[in-house]
Amino acid sequence: MKLEMSAATIAVMLVPAPIQAQENSAPASRWAVSDERVPLTGARALTAVLESSNQLVGILGHPKRAALVVRCNSGSLAVHVNWVETVNYNGQNMMGQYKTMAMWRIDNGKIEGNLWDIDTTFTAAGEFKNKNAFKLLSRLATARTFVVRLSGRQTQDAEFHIDGIDQIAANAAAACGMALKR
107 MKLEMSAATI AVMLVPAPIQ AQENSAPASR WAVSDERVPL TGARALTAVL
157 ESSNQLVGIL GHPKRAALVV RCNSGSLAVH VNWVETVNYN GQNMMGQYKT
207 MAMWRIDNGK IEGNLWDIDT TFTAAGEFKN KNAFKLLSRL ATARTFVVRL
257 SGRQTQDAEF HIDGIDQIAA NAAAACGMAL KR
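In this note's numbering, the protein residues as written are 107 to 288.
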């Protein structure tokens, strides 16, 4: 059997599939949500993750996206950003917890800043304590965009289009035995 192909057929075969052309485009504004029970205690563990709409420069110089994380694990609420490189620390609290200066803007509001806790891997920063996490989550619940600036090797801004956060916030708060005020 002889297989013949025209130049046009070969050209079509060499064109990359559309999915390959989309690799560098921003992902759709979607939350990845996991809602499970902790096997040992039966407590609820809800985690919602949203990638930034823009790419940042990772620790090795490659483009990466930051991730906004809303989590309730065994009654402990946290709102933090998984960063693309090691986060600089700007001090410690009395308990020895490392802190970094974070700046953010919710929608078109004013730019705010505060010291955020850094996780033990130095790759995430945010509010890891119930009270502060709840305050931030309550403010985000009615927003559409959240822009965060953290410093690592360089200062970068991550922009999150947080459509759907109202339901994420309500579910996370409920998982931790709290209720958002509307």
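All C-beta atoms, glycine included, are put in the ideal place defined by N, C-alpha and C. Given the structure is predicted, the values throughout are model-derived calculations rather than measurements.
- request: For Thr229, collect the residues of the same chain with a Cβ closer than 8 Å to its Cβ; drop the 5 residues on either side in sequence, then sort them by chain order.
  value: Numbered from 1 along the sequence shown, position 123 holds the residue referred to as residue 229. Same-chain partners within the cutoff: Asn188, Trp189, Glu191, Thr192, Val193.
query: Within 8 Å (strictly less), CB to CB, does Lys235 reach chain C?
result: You won't find chain C in this structure, because it holds only one protein chain.
- request: Please go through the region 178-241 and give each complete beta strand (DSSP E) segment of 3 or more residues, from N-terminal end onward.
  value: 182-188, 204-212, 218-224, 230-233
- prompt: Near Gln128, which residues of its chain fall below 7 Å by C-beta distance, leaving aside the five closest residues on each side in sequence?
  reply: For the purposes of this step, residue 128 is taken as residue 22 along the sequence shown, with counting starting at 1. Low confidence applies to Gln128: its pLDDT is 31, below 50, so where it sits in the model is not reliable enough to give any reading.
query: Helix or strand or just coil, what does DSSP make of Ser158?
result: What you label residue 158 is simply residue 52 of the sequence shown in a count that begins at 1. The answer is coil: DSSP assigns Ser158 none of H, G, I, E or B.
query: Taking the C-alpha atoms as reference points, what is the distance between Gln198 and Ser159?
result: Residue mapping note: residue 198 aligns to position 92 of the sequence shown, counting from 1. Residue mapping note: residue 159 aligns to position 53 of the sequence shown, counting from 1. Going by the C-alpha atoms only, they are around 31 Å apart.
field: Buried versus exposed, by CB contacts within 10 Å (16 or more), Val144
entry: What you label residue 144 is simply residue 38 of the sequence shown in a count that begins at 1. Looking at its Cβ environment, which holds fewer than 16 other Cβ atoms inside 10 Å, Val144 is exposed.
task: Determine the DSSP secondary structure at Leu243, reduced to helix, strand or coil.
output: For the purposes of this step, residue 243 is taken as the residue at position 137 of the sequence shown. Helix at Leu243.
- prompt: In its own chain, which residues sit with a C-beta less than 7 Å from the C-beta of Trp222, not counting the 5 before and 5 after it?
  reply: As a working note, residue 222 is residue 116 in the sequence shown. Lys205, Thr206, Ala208, Ala231, Gly232, Glu233.
- prompt: Can you list, in chain order, the residues of its chain whose CB lies under 7 Å from that of Gly181, leaving out five sequence neighbours each side?
  reply: Stepping through the sequence shown from its first residue, residue 181 is reached at position 75. These residues qualify, in order along the chain: Ala149, Cys282, Gly283.
Local conformation of Gln273 per DSSP, three classes: For the purposes of this step, residue 273 is taken as the residue at position 167 of the sequence shown. In this structure, Gln273 counts as helix in the three-state DSSP scheme.
query: With distances taken from CA atoms, which of Val253, Asn179, Glu265, Val163 is nearest Ile217?
result: For the purposes of this step, residue 217 is taken as residue 111 along the sequence shown, with counting starting at 1. The candidate whose alpha carbon is nearest that of Ile217 is Val253.
Best match in Val175, Ala275, Gln161, Lys170 for proximity to Arg245 [C-alpha to C-alpha]: Translated into positions along the sequence shown, residue 245 becomes position 139. When only C-alpha atoms are compared, the closest one is Ala275.
- prompt: Secondary structure at Ala249, three-state DSSP: helix, strand or coil?
  reply: Numbered from 1 along the sequence shown, position 143 holds the residue referred to as residue 249. Looking at Ala249 - three-state DSSP - the assignment turns out to be coil, as it is neither helix nor strand.
task: Out of Asn236, Leu256, Val163, state which residue places its alpha-carbon closest to the alpha-carbon of Asn220.
output: Counted from its first residue, the sequence shown places residue 220 at position 114. The residue with the shortest Cα to Cα distance from Asn220 is Leu256.
field: C-alpha distance - Lys237 paired with Leu183, whole-angstrom precision
entry: Sequence index remark: in the sequence shown, residue 237 carries index 131 (1-based). Sequence index remark: in the sequence shown, residue 183 carries index 77 (1-based). Their backbone Cα atoms lie some 8 Å apart in a straight line.
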